[in-house]
Structure formats: structure tokens, C-alpha cells
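Peer 1:
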Amino acid sequence: MESESILPDWASKPCIMGIDEAGRGPVLGPMVYGCLYCARSYEKTLSTLNFADSKTLKEEKREELFEKLKANELIGWAVDVIDPRELSAKMLKKIKINLNEISHDSASGLVTRVLNMGVLLTDVYVDTVGDPEKYRIKLSERFPSIKFVVAKKADSLYPVVSGASIVAKVTRDRALRDWVLDETAENMTRNFGSGYPGDPETKSWLEKHQHSVFGFPSLVRFSWGTCTSYSKNMVEVVWESDKTEEDGSSSSSGKRQLKLSSFGVTTSKRKSEEIESSGKSRSKFFQSRKLEQLANF
Numbered sequence: 001m002e003s004e005s006i007l008p009d010w011a012s013k014p015c016i017m018g019i020d021e022a023g024r025g026p027v028l029g030p031m032v033y034g035c036l037y038c039a040r041s042y043e044k045t046l047s048t049l050n051f052a053d054s055k056t057l058k059e060e061k062r063e064e065l066f067e068k069l070k071a072n073e074l075i076g077w078a079v080d081v082i083d084p085r086e087l088s089a090k091m092l093k094k095i096k097i098n099l100n101e102i103s104h105d106s107a108s109g110l111v112t113r114v115l116n117m118g119v120l121l122t123d124v125y126v127d128t129v130g131d132p133e134k135y136r137i138k139l140s141e142r143f144p145s146i147k148f149v150v151a152k153k154a155d156s157l158y159p160v161v162s163g164a165s166i167v168a169k170v171t172r173d174r175a176l177r178d179w180v181l182d183e184t185a186e187n188m189t190r191n192f193g194s195g196y197p198g199d200p201e202t203k204s205w206l207e208k209h210q211h212s213v214f215g216f217p218s219l220v221r222f223s224w225g226t227c228t229s230y231s232k233n234m235v236e237v238v239w240e241s242d243k244t245e246e247d248g249s250s251s252s253s254g255k256r257q258l259k260l261s262s263f264g265v266t267t268s269k270r271k272s273e274e275i276e277s278s279g280k281s282r283s284k285f286f287q288s289r290k291l292e293q294l295a296n297f
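So that you can map any letter, position 189 of the sequence shown is 189 in the UniProt record's numbering, and since no number is skipped, the others follow by simple counting.
1. What are the uninterrupted segments assigned as alpha helix (DSSP H) that are 4 or more residues long and contained completely in the segment 136-205, given in chain order?
2. Quick one: Cα of Val-161 to Cα of Ala-151, how far?
3. Determine contact between the segment 161-171 and the segment 35-42, defined as no fewer than three beta-carbon pairs at a distance below 8 Å.
4. Residue ranges of each alpha helix (DSSP H) run of no fewer than 4 residues wholly in the segment 63-98, ordered along the chain?
5. Out of Arg-142, Asn-116 and Asp-155, which one is the CA nearest neighbour of residue 299?
6. If you run the structure through DSSP and keep just helix, strand and coil, what is Ser-261?
7. Using the Cβ count rule (16 or more neighbours within 10 Å means buried), how would you classify Glu-59?
8. Alpha carbon to alpha carbon, how far is Ser-44 from Gly-215?
9. First and last residue of the beta strand (DSSP E) that includes Thr-45?
10. Suppose you measure from the CA of Ala-22 to the CA of Arg-172; what does that come to, to the nearest Å?
11. Do the segment 7-16 and the segment 77-92 meet, that is, are 3 or more Cβ pairs less than 8 Å apart?
12. Mapping the DSSP letters down to three states, classify residue 299 as helix, strand or coil.
13. Quick one: what's got a C-beta closer than 6 Å to Glu-273's C-beta in the same chain, skipping five residues either side?
14. Within the same chain, show all residues whose beta-carbon is closer than 6 Å to that of Ser-103, passing over the 5 residues directly before and after it, in chain order.
15. Where Tyr-135 and Ala-107 are concerned, what is the direct C-alpha to C-alpha distance, given to the nearest angstrom?
16. Buried or exposed: where does Leu-219 fall if 16 or more other Cβ atoms within 10 Å of its Cβ makes it buried?
This is the structure:
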């Protein structure tokens with residue numbers, strides 16, 4: 001039973017939930033958080049359904065178990081699919097949101113979503129991100145009516161988390177397999193492998209699909225350190241920005257030049273002076289006619 005389905009009778013009785021993620025480490029594709037929930041009275045039966053840590057199962061077995069749990073009216077599930085562009089945007093903000101915070105927010109969002117449906121959650125089991133005890137306290141403060149168990153390797157300790165890991169992993173695998181590339185270049189291919197930085201096929205795909213101006217396709221988490229090594233082949237971009245005063249306010253009295261290389265996106269290929277208003281290295285058309293850019297008419 002999907003989380004969006006009509007609420008069953010058992011959901012009004014004390015329920016347990018498991019939460020796990022898939023795709024935290026890859027440089028390609030979304031990160032997916034999944035949850036599985038059921039009545040507490042169904043917990044013993046849940047342990048007989050052969051759920052296991054999704055990383056220990058072959059793809060065919062994961063798909064089979066996912067279809068079975070979807071058809072089981074005594075089980076509910078939900079997912080949060082976080083787009084790679086969202087991950088990169090948050091991690092590169094002026095006030096950065098790190099991956100742990102993104103993960104915590106996603107897990108909390110799933111709990112909130114299921115509670116808002118009317119499910120009586122009493123116990124939630126979570127595969128930890130960061131320090132288990134600090135994470136447990138954080139969740140308990142946000143949801144004081146729920147008992148949280150946060151543990152390392154929870155997906156191999158608690159069947160309800162094992163089920164959640166299958167939900168997350170199959171959802172990510174399908175998302176990657178069915179991903180529609182926004183870019184339309186003729187040489188675009190889908191041979192990107194697993195998406196993990198150490199995968200030779202993934203490395204080869206990144207090498208072949210980098211653009212000197214536009215960077216990487218939207219499938220790529222360009223905030224990942226893996227992408228930095230490719231930046232030497234990219235064009236430096238320079239633009240003007242208002243100076244920032246010590247108090248944090250901006251000043252229009254002066255300008256400074258900022259480069260994408262300052263943000264770890266590209267490396268220098270040209271000196272910034274080459275594109276100053278002096279005209280150096282400008283097109284010969286402008287130089288021969290002594291044309292200059294004017295800020296004011």
C-alpha cells in the first residue's frame with residue numbers, strides 16, 4: 001500500500017516505521033529516502049517476509065520483494081526523491097546545507113508526511129547518519145510522542161528498516177534507469193555505470209560528458225569533490241559583484257571581480273586582466289575601430 005492510498009483500519013492502531021536511504025555516495029542521480037510502516041502487531045510477521053539489507057540482495061530479488069510489499073495491504077511505504085540539482089544547490093549555497101542535514105530533513109519529512117496521513121506512529125527505527133545518539137535526540141525533540149531507535153547498520157538489524165532500504169534502493173535504481181536527460185547533445189549516452197565515483201564506467205562517462213562552458217549534465221551532482229578534477233578543462237568565468245562591507249552589507253561604490261574558480265567550479269585559464277575594459281585580448285574588430293564599452297551614456 002503506497003503512502004498516498006486510502007488509510008487502512010490498522011493505521012489507527014500503534015504502528016512502527018523504518019527509515020533508510022539509497023544513493024548517498026554516488027556522484028550521479030538522486031538520493032532517495034524510503035520508509036516502510038505497519039501495525040506494531042504485524043512486526044513478527046514482517047520478520048518472515050525475507051526482507052534484508054538491500055545491499056546484500058541482487059537486483060532481481062530486490063525488485064521481487066518490492067513488488068510483494070507494494071501488494072501487501074498490511075504495509076505502507078513512502079519515498080522522498082532528492083534531485084541531484086537540489087543536492088548541489090544546497091551544498092553550494094552561501095550558507096551551506098551539508099549532506100547530513102539534508103538527510104535528517106528528508107527523514108523527518110517522511111515522519112511528518114505519514115503522521116499527517118493519520119497513521120499512529122509510536123516507534124520509528126532509523127539507519128543513522130552521523131552520531132546515532134545526537135540524531136536520536138534531534139528526532140525525539142521534533143517528535144516527542146514517538147520513540148526513536150537510531151542505530152548503525154539498522155537495515156540489517158530491524159526488518160522494518162530492511163524493508164525501507166529495499167523501497168529506497170529500488171526507487172533509486174528505477175529513477176536512474178529511467179532518467180530523462182534534459183540535455184539534447186547528439187553524443188549523450190546512458191552508459192554511466194553505477195554512478196559511484198570509483199566506478200570506471202562512471203569516470204569515463206564524466207570525462208566524455210563534461211562541457212567546457214556549461215559543466216556537466218543535470219544528472220551530475222557537481223558539488224561532489226569528484227567533479228573538481230575535471231575543472232581544469234573548463235573555461236573560467238569572471239563577472240562583477242558589489243563589494244561586501246565588513247558588516248555584511250553590499251556597497252555600490254566599488255566593484256570587484258569574482259571568478260567561478262573562487263568557488264571550486266573551474267580553474268584559471270586566463271588572467272582576469274584579459275577581459276578588463278582596456279580592450280586587451282578583445283576581438284580585433286573592436287580593437288581596430290577603437291571601440292570601448294560604456295557604462296553610462
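C-beta: ideal position from N, C-alpha, C; glycine also.
Peer 2: Looking at the coordinates:
1. 154-157 and 159-177
2. 10 Å
3. yes
4. 84-91
5. Outside the modelled stretch of the chain, which goes from 1 to 297, sits residue 299, for which no answer is possible.
6. Residue confidence is low: Ser-261 scores 47 on pLDDT, short of 50, so the model does not pin down where it sits. Its coordinate-derived value is still stated next. Ser-261: helix per DSSP, three-state reduction.
7. exposed
8. Residue 44 is actually Lys in this sequence, not Ser. When rounded, the distance between both Cα atoms is 51 Å.
9. Where Thr-45 is concerned, there is no enclosing beta strand (DSSP E), although the alpha helix (DSSP H) it sits in stretches over 43-46.
10. 7 Å
11. no
12. The requested residue 299 is not part of the displayed model; the chain covers only 1 to 297.
13. Unreliable placement is indicated for Glu-273, whose pLDDT of 41 sits below 50; the coordinate value is still reported in the next sentence. Nothing listed; no residue qualifies.
14. Val-129
15. 11 Å
16. buried
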